[in-house]
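Participant: Quick one: this structure, given as structure tokens, is what I'll be asking you about.
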Amino acid sequence: MLFMGKIKGLNKQEVAKRISEGKVNLSPKPVVKSNFQIIMGHVFNLFNAYNFIIAAALIAVQAYSSLFFVVIVISNTVIRARQEIKSKNMVAKLNLIVSPKTKVIREGKTISIDNEEIVLDDVVYFETGNQISADSIIIENNVEVDESLLTGEADPISKGPGDHLLSGSFILSGACYGKVEHVGKDNYANKITDQARTRKPVSSVLLNTFNKVTRYTSYLVLPLSILMLYQAYIIRDQGITSTIVNTATALLGMLPKGLVLLTSVSLAASVVKLGKMNTLVQEMFSIETLSRIDVLCLDKTGTLTEGKMEIEQVIKLKNPLNLDLDEIMCSFVKGSLDNNITFKTLSNYFTGPAKYETLDRIAFSSARKWSAIELDSIGTIIVGAPEIIRPDYQLSPRIIEMQKSGARVLLIGHHPTLNILQETLGQTTPIGLIVIKDPIRKDAHEALKFFSDNDVAVKVISGDNPATVSAIASQAGVANAEKYIDASTIVTDQQLEDAILNYNVIGRASPFQKHQMILCLQKHNQKVAMTGDGVNDVLALKDADVSIAMGSGSDIARQVSQFIIIDGKLQTLVEVVREGRLVINNVTRSASMYYLKTIYTILLSILSILMNIPYPFIPFQMTLLDMFIEGFPSFMILFERNIEKPKESIGHHAMRFSLPNALAIVLSVAGIRLLAPTLQLSLAETFSVLYFTTAFVSIHMIYRIYKPLNWYRGGVLIIDIIGFILSTPIFWPLLEMHVLTPKLIQIILITIVISIPVLIILTRSVSYYLKNLNSKKAL
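Following this line, the structure appears as structure tokens:
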């Protein structure tokens, strides 16, 4: 493994031998369904079985005119399967782009390979931000490791030669060489069911609502169907054909099959659409959560700025040591193992040879805000934040002015010894200053204006100097950016809470403080999205409601995030939020159209049993109503670009719009049925009145959802009404209703007129109830 003191690593023959023996880092992967499995899953499921049984029963009694719903079910199955396959292929393609890699040493050369290509005994090189891809033993250098994803403990752990690195942990600071001791299923992370790579599950209001509705509805399907069959066939002696048709109609209306299709297709289509915008969505339902965020927490470097740092000026300070700053810094960068953007900038500037040998080092960490190297015959050189290294050191007015304009300032200091450096930072002698500029992103101002105009508060939480962060935030358009706070002065939990609630710019924040600030916002019922790209952001990313990593960020930041913005642009993030809001607003409004039928079908089924009457509709009547109450209006609403922040849950929206109209339909059925003998209406005439009344009440709900009307919504509503009016006579034979006599038309019109004040009363009552409910929750 070692050759003349230099790490040589495995050769080609040794690698090939281990591959042939199966000693490769192939981890058990989540099963990805094949196209065939996806198709079979959509064809053979409980929902389709439910519809198949109903179709089989209708075919058995030769009720062929009632089978039109089968066309819709087949269409749903085809569309959902096709969309899932398309979404799966897009995600697989994007995963290749952000697939994690590891540097290994083979035949004395450093190469970057996929994690799955690592073999046992490989020599690996891990640096800051890397996730440990295989259990290893350190053979050279020291690092600080975060094992919080494995143990739950967030404190950094120092490790050196001979210590074990566990897969799933990640490097906080420093860099090291290690020898792989376990691969594949033998890795520590895999032994604990890969919890190291598990993201926080997304809490989806849509998913929870759909699951609840489906679960509660399924409890009613079997008992209601048995009671309706028994009552119709045994008690009323209705005949098998009529019994099957009536019961099938009720059962078909209970589950909102079109809504499930609409939602899954809309979200899957968004995954594909966002993929084309250089965004990898790792949790499909996180699109919904993102649409509801109240606060967006941003880092400065690489998010507000381009992350393309350049040294503007190097200033030599008067000091008794009279050290050559250029020689010192060239030796410093050559001896450093740091790989963050700041030290890459230093390396690009100080390109000369290392005059002094590196004896020891302390790597940079976000908690310390500095790094140090002990140089032979020189002593210790420390580089970092001036206010952390020497809080008492007064920068010149010119340097302070440069900070206020957005420049970053580093202090170069000299210290006698590395061993007691952390305890005696105040003894550091300043020998130089480095002024670094990082240009602000061109799209930053426009992107932040979008969030400001769309009810999302933007907060910049950074580890940099607060004056510098404030200057950049002001240029980017962050509200009240001139008012900032230094997190290093925060001592108590109350001060931290006051800071995050009252300031939009926070500098010198430690990784722990970033995490606590996210939790504070959530404690105050704020939905929080967090963007980050470094190891210092991981704790906050893990617990944010929505976590967003920049594609150029560290392995672990991408691993724990729900979204990866591959191109790192803020404007791309805007498009992600815009798309999320568009989908959720459309699905929420459409849901009320579908839940109307679910609610009134269940209530009418119970009412039919209580009043001992047949269910008042046949399948084709329901199909035609669905077309103009659910299908057409919900489809057309998808083309409207509504990107307002969702103001209520899908459940409350459905209650506010669906419940009053569903109750009005049920009251109409009960009223007409009770008055039928007085009005001398036959059962066929009664059901004809109910069909037109139901259509009017349902279209009235579409009107309420579409308010306020504009040219587009008004046009869709008019086409919908005209379509229903024209379709009814065209399909009259299949609707199986009574001929419309003048008397029947008169009763229909009277019933519709009476339903209007009933609708107004019910709508106001439900709105009053929801208002009180929201007021209690607010308390």
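Counting from 646, one number per residue, gives the positions in the sequence shown under the working numbering.
Using N, Cα and C, we set each Cβ at its ideal position, and we do this for glycine too.
#1: Starting from the Cα of L1269, find the closest Cα among R1234, Y1336, S1250 and give me that residue.
#2: On the DSSP bridge list, what partners appear for H1060?
#3: Is the Cβ-Cβ distance between L817 and D780 less than 8 Å?
#4: Given a threshold of 16 other Cβ atoms within 10 Å of its Cβ, counted over all protein chains shown, does N1181 qualify as buried or as exposed?
#5: Can you check whether the CB of N1306 is closer than 8 Å to the CB of N1231?
#6: Using beta-carbon positions only, say whether T894 and P1378 come within less than 8 Å of one another.
#7: Leaving out the 5 sequence neighbours to the left and right, which residues in its chain are closer than 7 Å to L1328 when beta-carbon positions are compared?
#8: Please classify G686: is it buried, with 16 or more other beta-carbons within 10 angstroms of its beta-carbon, or exposed?
#9: Hey, could you find the ends of the beta strand (DSSP E) S1016 is sitting in?
#10: Looking only at its own chain, which residues have a Cβ that is under 8 Å from the Cβ of K746, when we skip the five neighbours before and after it?
#11: On the three-state DSSP scale, how would you describe Q958?
#12: So for G1179, helix, strand or coil by DSSP?
#13: Need the endpoints of the alpha helix (DSSP H) that Y1240 sits in, please.
#14: Have a look at V940 and V769 and give me their C-alpha separation to the nearest angstrom.
#15: Considering only DSSP beta bridges, list what K804 is partnered with.
#16: M1195 by DSSP, collapsed to three states: which one?
#17: Which word fits S803, buried or exposed, when buried means at least 16 other C-beta atoms lie within 10 angstroms of its C-beta?
#18: Looking at C-beta atoms only, is the number of pairs between the stretch 1290-1301 and the stretch 1229-1244 that lie closer than 8 Å three or more?
#19: Identify which residue in R860, I699, M954, Q707 has its Cα closest to the Cα of G715.
#20: Please classify E1002 as buried or exposed, where buried requires at least 16 other C-beta atoms within 10 Å of its C-beta.
#21: Per DSSP, what are the beta-bridge partners of Y822 in this structure?
#22: In chain order, what residues of the same chain have a beta carbon less than 8 Å from the beta carbon of P1291, not counting five sequence neighbours either side?
#23: When you compare only the Cα positions, how much space is there between M1162 and L1141?
#24: Buried or exposed: where does F1341 fall if 16 or more other Cβ atoms within 10 Å of its Cβ makes it buried?
#25: Residues bridged to S1294 by DSSP?
#26: Does the stretch 1150-1167 touch the stretch 1131-1139, meaning 3 or more C-beta pairs lie closer than 8 Å?
#27: Can you tell which of D1200, M1195, T1176, G1196 has its C-alpha closest to the C-alpha of A1189?
#28: May I ask you to verify whether the stretch 1387-1397 touches the stretch 1275-1283, counting CB pairs closer than 8 Å and requiring at least 3?
#29: What's the C-alpha gap between I750 and Y822?
#30: In the DSSP assignment, what are the bridge partners of Y709?
#31: What are the residues that DSSP puts in a beta bridge with G947?
#32: Measuring only the C-alpha atoms, how far is H1251 from I932?
Facilitator: Let me lay it out:
#1: For the purposes of this step, residue 1269 is identified with residue 624 of the sequence shown, where counting begins at 1. With distances taken between Cα atoms, L1269 lies closest to Y1336.
#2: For the purposes of this step, residue 1060 is taken as the residue at position 415 of the sequence shown. Paired residues: T1025.
#3: The count along the sequence shown starts at 1 and reaches residue 817 at position 172. The count along the sequence shown starts at 1 and reaches residue 780 at position 135. The Cβ-Cβ distance between L817 and D780 does not fall below 8 Å.
#4: As a working note, residue 1181 is residue 536 in the sequence shown. Buried: at least 16 other Cβ atoms inside 10 Å.
#5: If you number the sequence shown from 1, residue 1231 lands on position 586. If you number the sequence shown from 1, residue 1306 lands on position 661. With a cutoff of 8 Å on beta-carbon distance, N1231 and N1306 are scored as not near each other.
#6: Sequence index remark: in the sequence shown, residue 894 carries index 249 (1-based). Sequence index remark: in the sequence shown, residue 1378 carries index 733 (1-based). The answer is no: Cβ separation not under 8 Å.
#7: Within the sequence shown, numbered from 1, the residue matching residue 1328 stands at position 683. So no residue of the chain qualifies.
#8: Here residue 686 refers to the residue found at position 41 when the sequence shown is read from its first residue. Exposed, since its Cβ has fewer than 16 Cβ neighbours within 10 Å.
#9: Reading the sequence shown from its first residue, position 371 is the one you call residue 1016. Per DSSP, S1016 belongs to the beta strand (DSSP E) from 1015-1020.
#10: Locating residue 746 in the sequence shown gives position 101, where the first residue counts as 1. Excluding positions up to five away in sequence, the list reads S757, I758, D759, N760.
#11: One-based indexing of the sequence shown puts residue 958 at position 313. Looking at Q958 - three-state DSSP - the assignment turns out to be strand.
#12: Residue mapping note: residue 1179 aligns to position 534 of the sequence shown, counting from 1. G1179: coil per DSSP, three-state reduction.
#13: Residue mapping note: residue 1240 aligns to position 595 of the sequence shown, counting from 1. Per DSSP, Y1240 belongs to the alpha helix (DSSP H) from 1215-1256.
#14: Working through the sequence shown from its first residue, we reach residue 940 at position 295. Working through the sequence shown from its first residue, we reach residue 769 at position 124. Whole-angstrom Cα-Cα distance: 40 Å.
#15: By one-based count along the sequence shown, residue 804 stands at place 159. Bridge partners of K804: V788.
#16: Taking the sequence shown and counting its residues from 1, one reaches residue 1195 at position 550. The answer is strand: DSSP assigns M1195 an E or B state.
#17: As a first step, residue 803 must be located in the sequence shown, where it is residue number 158. Result: exposed.
#18: Result yes; three or more Cβ-Cβ pairs closer than 8 Å.
#19: Taking the first residue of the sequence shown as 1, we reach residue 715 at position 70. In the sequence as presented, Gly is not what sits at residue 715; that position holds Val. With distances taken between Cα atoms, V715 lies closest to I699.
#20: For the purposes of this step, residue 1002 is identified with residue 357 of the sequence shown, where counting begins at 1. Exposed: under 16 other Cβ atoms inside 10 Å.
#21: Taking the sequence shown and counting its residues from 1, the one referred to as residue 822 is at position 177. The partner list for Y822 (beta bridge, DSSP) reads Y770, E785.
#22: Taking the sequence shown and counting its residues from 1, one reaches residue 1291 at position 646. Closer than 8 Å at Cβ, skipping near neighbours: S936, R937, R1226, I1229, N1230, T1233.
#23: As a working mapping, residue 1162 is identified with position 517 in the sequence shown. As a working mapping, residue 1141 is identified with position 496 in the sequence shown. If I take the Cα positions, the gap works out to 7 Å.
#24: Counted from its first residue, the sequence shown places residue 1341 at position 696. Counting Cβ neighbours within 10 Å, F1341 comes out buried, since at least 16 surround it.
#25: Stepping through the sequence shown from its first residue, residue 1294 is reached at position 649. According to DSSP, which records beta bridges pairwise, S1294 is partnered with nothing at all.
#26: Counting Cβ pairs under 8 Å, three or more are found: they touch.
#27: To locate residue 1189, count along the sequence shown from 1; it is residue 544. The shortest Cα separation from A1189 among D1200, M1195, T1176, G1196 belongs to T1176.
#28: no
#29: Counting from one through the sequence shown, the residue named residue 750 turns up at place 105. Counting from one through the sequence shown, the residue named residue 822 turns up at place 177. Distance between I750 and Y822, taken at the CA atoms: about 9 Å.
#30: On the sequence shown, residue 709 is found 64 positions in, with the first residue counted as 1. As computed with DSSP, Y709 is found in no beta bridge at all.
#31: Counted from its first residue, the sequence shown places residue 947 at position 302. G947 pairs with nothing; no bridge assigned.
#32: Within the sequence shown, residue 1251 is the residue found at index 606, counting from 1. Within the sequence shown, residue 932 is the residue found at index 287, counting from 1. Inspection of the sequence shows that residue 1251 is occupied by Ile rather than by His. Taking the straight line joining both Cα atoms gives about 38 Å.
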